[in-house]
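Take 1 as the starting number for the sequence shown in full-length UniProt numbering and just add one per residue. Cβ coordinates follow ideal geometry from the N, Cα and C atoms, glycine included. Here is the structure we will look at.
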Amino acid sequence: MDHCSYLDVEEWRDLPEENILGAHQVLYDKPDSDESREQVDLRNLPLLDDDGCEVNIYSEEGLRVPRRIPTLFRSCGALLNLRSVHDLFASEDNNEGIAQNSIPFYVYPVAFTKDIGNVQSHGLMTNFNRRLTLIDNVMRPRLPDDDADENDSLAGDGPGLDGEDNPPRLGSSVLHGINCQVYNELSHRVRDEAKFHPVQLGMISTAMAGTTAKKITGQRRWQHRLDQCNVGLPHERFVDKVSGNDQPQALRFENTYTLDVHQLSDDRQNGRAIYELIITPLLKAWNHPTVLQPIKDAMVVFKPDVSLPLSRASLTYILFL
1 MDHCSYLDVE EWRDLPEENI LGAHQVLYDK PDSDESREQV DLRNLPLLDD
51 DGCEVNIYSE EGLRVPRRIP TLFRSCGALL NLRSVHDLFA SEDNNEGIAQ
101 NSIPFYVYPV AFTKDIGNVQ SHGLMTNFNR RLTLIDNVMR PRLPDDDADE
151 NDSLAGDGPG LDGEDNPPRL GSSVLHGINC QVYNELSHRV RDEAKFHPVQ
201 LGMISTAMAG TTAKKITGQR RWQHRLDQCN VGLPHERFVD KVSGNDQPQA
251 LRFENTYTLD VHQLSDDRQN GRAIYELIIT PLLKAWNHPT VLQPIKDAMV
301 VFKPDVSLPL SRASLTYILF L
């Protein structure tokens with residue numbers, strides 16, 4: 001799971017070059033996905049470009065290395081542009097120029113906006129799945145090298161991950177992506193259970209219609225809803241939960257995986273190896289430019305003075321026709 005949010009920064013603090021160089025022996029001007037990347041001399045590299053933007057540097061793994069941190073800022077709410085989400089799940093086998101999805105996904109517009117909201121899918125984002133495949137290839141068991149028929153080999157054609165012309169034969173995959181969901185963090189604040197928040201439960205309608213209930217079960221259900229409304233009307237309870245400063249407004253990205261531990265080699269069937277070789281790389285994968293940039297392109301960011309919680313709350317009040 002990871003969070004993605006935007007900050008309206010008013011003040012920055014530069015990080016000491018010694019600290020950056022101490023943590024990274026080699027730095028590059030581009031991520032590892034760009035074959036033209038070159039090493040940079042941090043001491044002779046300007047911090048900002050002509051537009052006042054930070055000149056990015058990258059680690060050996062291809063991750064961006066911050067050169068300054070914000071010290072005074074305001075958080076901005078964010079959602080996904082549902083018209084651009086298909087780019088995150090685009091198929092890799094599209095040779096005809098036709099937009100296709102590698103996996104099915106479902107969009108959930110927020111507050112009657114039609115085209116901004118949350119997403120669920122039965123698989124992982126295309127670019128993230130590429131990073132997962134790299135991790136899986138490292139963890140897959142190596143098969144004994146023998147003179148078996150090349151057609152039976154599980155190794156791919158061409159060079160392997162380490163550049164060797166004859167990559168090792170690999171066993172079956174051990175790490176699999178199951179599903180993904182992206183939603184605003186505010187959802188956790190307003191829901192008592194996974195599916196709906198109080199405004200969506202029809203509490204007031206049940207309390208009004210339940211007066212004619214004749215069976216015991218119906219009367220009990222009506223009394224339960226009536227007691228809930230007496231404590232607080234659903235739209236009022238919603239506003240209470242989202243009112244106040246520092247409300248969570250970041251986007252949460254959650255992936256679900258399965259790991260076949262029994263397929264791992266004996267020396268990797270332990271918590272330390274799983275944490276260092278699987279969990280940590282999966283978390284870092286969210287920050288890789290090939291994963292993060294498409295996500296940023298699909299985000300809708302609100303200005304700091306636009307309260308996403310209160311804008312949603314205004315749409316929960318009852319309309320009398």
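For residue i, which option in the options has the closest C-alpha, if you only look at C-alpha atoms?
i           : options                : result
S27         : P16, S33, D41, L134    : Residue identity differs from the one stated: residue 27 is Leu in this sequence, not Ser. Selected option, being the one with the closest Cα: D41.
H262        : T256, N255, I274, L251 : I274
C180        : Y106, K114, T280, K303 : Y106
P7          : H288, P70, P141, V55   : The sequence shown places Leu at residue 7, not Pro. The option with the nearest alpha carbon to L7 is P70.
F89         : S121, L233, D115       : S121
P16         : S205, R67, N270        : R67
residue 334 : N101, L132, P141, E54  : Here the chain covers residues 1 to 321 and nothing more, so residue 334 does not appear.
G171        : P141, S187, I135       : P141
I289        : D14, S33, E54, D29     : It is Pro, not Ile, that sits at residue 289 in the sequence shown. Per the Cα distances, S33.
P281        : R130, T126, S75        : R130
G22         : R43, P234, D266        : R43
D297        : I103, L80, I135        : L80
M299        : P46, G62, G77, E54     : G77
residue 383 : N287, P46, Q39         : Any question about residue 383 goes unanswered here, given that the chain covers just 1 to 321.
residue 388 : E18, S91, P104, I135   : Any question about residue 388 goes unanswered here, given that the chain covers just 1 to 321.
N287        : T217, L63, N270, V55   : L63
For residue i, which residues in the same chain have their Cβ closer than 6 Å to its Cβ, ignoring the five residues on either side in sequence?
i    : result
G156 : Only weak support exists for where G156 lies, its pLDDT of 43 falling under 50; the value from the coordinates is given anyway. If we look at G156 and ignore the five residues flanking it on each side, it has no Cβ neighbours.
W222 : G210, A213
A207 : R225, L226, C229
K303 : none
S102 : F89, S91, T126
P168 : R142
A148 : For A148, the predicted model reports a pLDDT of 48, less than 50, meaning its position is unreliable; a value from the coordinates is still stated below. Same-chain partners within the cutoff: there are none.
P104 : H122
Roughly how far, in whole angstroms, is the beta-carbon of residue i from the beta-carbon of residue j, given that I think they are within contact range, below 8 Å?
i    : j    : result
Q228 : M203 : 6 Å
V182 : F253 : 5 Å
G177 : L124 : 4 Å
H3   : L251 : 7 Å
Q247 : N184 : The Cβ separation is near 10 Å, so there is no contact.
S75  : S5   : 6 Å
Within the same chain, show all residues whose beta-carbon is closer than 8 Å to that of residue i, passing over the 5 residues directly before and after it, in chain order.
i           : result
M139        : V174, L175, L264, R268, L277, I278
P109        : L82, D115, I116, G117
W12         : R68, I69, P70, T71
R37         : Y28, D29, K30, P31, Y58
residue 330 : With the chain covering only 1 through 321, there is no way to say anything about residue 330.
L283        : D2
CB-CB under 7 Å to residue i, same chain, minus the five flanking residues each way: which ones, in chain order?
i           : result
residue 334 : This structure does not reach residue 334, given that the chain is present from 1 up to 321, and the question cannot be answered.
E10         : L72, F73
P294        : D87, L88, N127
E54         : L47, L48, R67, R68
E150        : Residue confidence for E150 is low, a pLDDT of 46 falling below 50, so the modelled location carries little weight; the figure read from the coordinates is stated next. None.
D260        : V174
L256        : The sequence as given places Thr at residue 256; Leu does not occur at that position. Hits under 7 Å: I178, N179.
E18         : none
T113        : none
Please find out if some non-hydrogen atom of the ligand COA comes closer than 8 Å to the beta-carbon of residue i.
i    : result
A285 : This structure simply doesn't include the ligand COA, nor any ligand for that matter.
Measuring only between beta-carbons, confirm whether residue i sits less than 9 Å from chain B.
i   : result
L27 : The chain labelled as chain B is not found in the depicted structure, where only one protein chain is given.
* Quick check: the stretch 78-90 against the stretch 46-57, are there 3 or more CB pairs under 8 Å? -> Judged by Cβ distances under 8 Å, the stretch 78-90 makes no contact with the stretch 46-57, as fewer than three pairs qualify.
* Which parts of the stretch 211-274 are runs of the alpha helix (DSSP H), unbroken and 4 residues or longer, counting only runs that do not cross its ends? -> The DSSP assignment places 216-231, 234-242, 271-274 as complete runs of the alpha helix (DSSP H) inside the stretch 211-274, in order along the chain (cut-off: 4 residues).
* **3 or more residues per run - each beta strand (DSSP E) lying fully within the stretch 73-140** => Restricting attention to beta strand (DSSP E) runs no shorter than 3 residues, the stretch 73-140 encloses them at 78-81, 105-109, 116-121, ordered along the chain.
* **Whole runs of the alpha helix (DSSP H) within the stretch 14-71, excluding any shorter than 4 residues** => List check, alpha helix (DSSP H) in window: 17-23.
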